[in-house]
Structures are given as structure tokens and as C-alpha cells.
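Enquirer:
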Amino acid sequence: MTSDTSISESGHPRELTDEEPPEDTTPREEMTLIEHLLELRTRVMWSAIAVTISTGALLIPTIGFEFIELMLEPARAHDPQWTPQSLGPLDRIVTLFKVALLGGIALAMPVLIYQTMRFVTPALTKKEKRWVLPIVIGGSIAFLGGLAFAYFVVLPLSLVFLLSFGDSWARDDWQVSLYIDFVTRMMLILGIAFETPLIVMGMAKLGVVTSRKLLGWWRWAILGAFLGSAIVTPTIDPVTQSLVAGPVIVLYFVGVGLAWLVRGKD
8 MTSDTSISES
18 GHPRELTDEE
28 PPEDTTPREE
38 MTLIEHLLEL
48 RTRVMWSAIA
58 VTISTGALLI
68 PTIGFEFIEL
78 MLEPARAHDP
88 QWTPQSLGPL
98 DRIVTLFKVA
108 LLGGIALAMP
118 VLIYQTMRFV
128 TPALTKKEKR
138 WVLPIVIGGS
148 IAFLGGLAFA
158 YFVVLPLSLV
168 FLLSFGDSWA
178 RDDWQVSLYI
188 DFVTRMMLIL
198 GIAFETPLIV
208 MGMAKLGVVT
218 SRKLLGWWRW
228 AILGAFLGSA
238 IVTPTIDPVT
248 QSLVAGPVIV
258 LYFVGVGLAW
268 LVRGKD
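Following the numbering used here, the numbering of the sequence shown begins with 8 at its first residue and continues without gaps.
(1) Leaving out five residues on either side along the sequence, give the residues of the same chain with a beta carbon under 6 Å from the beta carbon of proline 34.
(2) Nearest-angstrom Cα distance between leucine 197 and methionine 52?
(3) With 16 other CB atoms within 10 Å as the buried threshold, where does glycine 110 fall?
(4) Whole angstroms is fine: what's the gap from alanine 252's alpha carbon to valine 161's?
(5) Taking the beta carbon of lysine 105 as the centre, do at least 16 other beta carbons fall within 10 Å, making it buried, or is it exposed?
(6) Could you confirm whether any beta carbon from chain C is found closer than 8 Å to the beta carbon of glutamate 42?
(7) If you compare alpha carbons, which of Gln182, Asp174, Leu258 is closest to leucine 79?
(8) For glutamine 92, write down the residues that DSSP places opposite it in a beta bridge.
(9) Measuring only the C-alpha atoms, how far is glutamate 30 from lysine 136?
(10) Contact defined as beta carbons within less than 8 Å: I believe leucine 230 pairs with valine 263. What is the distance between those atoms, to the nearest angstrom?
(11) For the alpha helix (DSSP H) that phenylalanine 155 lies in, which residues bound it at each end?
(12) My assumption, with CB atoms under 8 Å, is that alanine 211 sits in contact with threonine 203. Please give the rounded CB distance.
(13) For leucine 66, which residues of its own chain have a beta-carbon under 8 Å away from its beta-carbon, when the five flanking residues on both sides are left out?
(14) Leaving aside the five residues before and after leucine 205 along the sequence, list all residues of the same chain whose C-beta is less than 7 Å from its C-beta, in chain order.
(15) When you compare the CB positions of glycine 152 and phenylalanine 74, do they come within less than 8 Å of one another, or not?
(16) In its own chain, which residues sit with a C-beta less than 6 Å from the C-beta of proline 91, not counting the 5 before and 5 after it?
(17) Assuming the contact rule is C-beta atoms closer than 8 Å, arginine 125 and arginine 50 should be a hit. Round their C-beta distance to whole Å, please.
(18) Here's a check: name, in chain order, each residue in its chain whose Cβ is nearer than 7 Å to the Cβ of proline 163, leaving out the five neighbours to either side.
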């Protein structure tokens, strides 16, 4: 056993031993590779169970059909009587599965984030573990916020543009599965994009980046947001791409602010 001497608050010397580590440097749990893999399997299993249960609930027709009706509402902002068409015998079934999967992921998101944090918890100090619950809550709210932003803002505006563009010489008879593809992809993209501040804050907390560096990269962040939106959005119209890139840029700067809060300017 080794010892050292420091000055206590009363001004008297006291000994520090190996059994008395500072609170912020509580030793991390050491795990072997096999233990890491077993832990990963457990977390993936619980995540899959959560998504399966929530998706299964939405596969019940009385529930799933109502959910599909909600997915049609953004397009009906342009035409209240608008209804997509089914071009194949499995179109309606495939559509139900796609909508149920999106809803299942959204409902299971708190569990998914919690299981992710449980996987990385052994590598955290005692002080860092206090962030687990706020991250789970914040991440869930951010994801749901992204879904809501897509549903109430991005989709109505982009669909009004797409449905009205060239309507004097072409009629809109969209296939229901393709329409649902468009809607679910946009919602998932923005749901994940709204996690940007938490991801940036986490990278700053781990010392990977600093708020000063992030702020210096603002031009690349804006360029990356527009390039990313052009790649992931299913349409080439500038309205949809701008509606996706704009929030991502704002969220990036929110992440810079959070990085400054947890690490300072460094």
C-alpha cells in the first residue's frame, strides 16, 4: 500500500491511500472481449424484443390502419380527398408492415437508447454514469421531436409542392407503398438528425472534439448538411432538401453549445 500527503480543508495534513481514489476517477469496470460480446448480445436481444413487441401491436389491423390514415394526412393538406392507389396484391400488406415498423421503432426508442447506454456504462466513471438517465430521456424526446417536425412541417410543405407541381398536365396517382416509403424515410431521417446535439455533446464529453473546433468547422457542417440531405432524401426538389438540411444545421450549432457546456472552450 502506498500513501501520500495532502492538506485537508482544516489545514492539517492527511494521508491519501490507494483505497481512497477521488470520486471523479472511480475505476472503470474491466471486461474481457468475450464479456463484451455477451453483453452486446444481451443488449441487442432486448432491443429486438422491444421493437418486435411494439411493431406487433401496430400490425393489428384496427390499430395499423388508423396509423396509415395518419400517414396520409400530410398529403391531404393539399387535397382532402387524395387517396393513393394499390397496384399489386401485396401492396396493402407491405404498406402495413412498413408503417408498423416505423411506429415500432419510435415506440421502442427509449428502450433502444437505454440498452445502448447500458452497453457503454462499464466504460464510464461514476460521475459519467449520472448522465445515463438524462441521455435516455433527452434522446427519446429528441427522436420524437424529429418525427413530429417531419410530420407537421416538412412533409406537408414538401408534399404540397410535389402534388401541385405540373398538375395542369399530369394527374397524381401515387402508389401507396411508394408514398409510405417517402413518408417513413423522411420521418426516420429527421428523427435521427434530431439526435445530432446529443451525439456532438457525447463526442465533446469524451474529448474527441471541442466546441472551438466544432465552431471552426461551421462551413463544412453547412455543406455536409446539404450534401447529406441531397443523398438521403428520396426526391431531388430543393424544397424538401432545404427543409431537411435547415434543421440539421441548427441542431449542429445547438450541439456546439452543449459541447461548450460540458467541456468549456478547451
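Virtual Cβ for every residue (Gly too), placed ideally from N, Cα, C.
Expert: Here's the rundown:
(1) Residue placement at proline 34 cannot be trusted, given a pLDDT of 47 that sits under 50; what the coordinates show is reported in the next sentence. Excluding sequence neighbours, proline 34 sits near nothing in its chain.
(2) The straight-line gap from Cα to Cα measures roughly 26 Å.
(3) Buried.
(4) Distance between the alpha carbons of alanine 252 and valine 161: 11 Å.
(5) It counts as buried.
(6) Of the protein chains in this structure there is only one, and it is not chain C.
(7) Out of Gln182, Asp174, Leu258, Gln182 has the C-alpha closest to the C-alpha of leucine 79.
(8) Beta-bridge pairing links glutamine 92 to Gln182.
(9) Because the pLDDT of glutamate 30 is 47, which lies under 50, any placement of that residue in the model is unreliable, and the number read from its coordinates should be weighed accordingly. Inter-residue distance for glutamate 30 and lysine 136 is about 12 Å (C-alpha atoms, whole angstroms).
(10) Not a contact, Cβ separation roughly 16 Å.
(11) In the sequence on display, residue 155 carries alanine and not phenylalanine. That run of the alpha helix (DSSP H) goes 139 to 156.
(12) In this structure, alanine 211 and threonine 203 do not form a Cβ contact; the two beta carbons are roughly 13 Å apart against a cut-off of 8 Å.
(13) So the list reads Leu103, Phe104, Ala107, once near-sequence residues are dropped.
(14) Hits under 7 Å: Ile142, Gly145, Gly146, Ala149.
(15) The answer is no: Cβ separation not under 8 Å.
(16) Answer for proline 91: Trp181, Val183, Tyr186, listed in chain order.
(17) With 8 Å as the limit, arginine 125 and arginine 50 qualify as a contact, their Cβ atoms being about 6 Å apart.
(18) Here the set comprises Pro81, Ala84.
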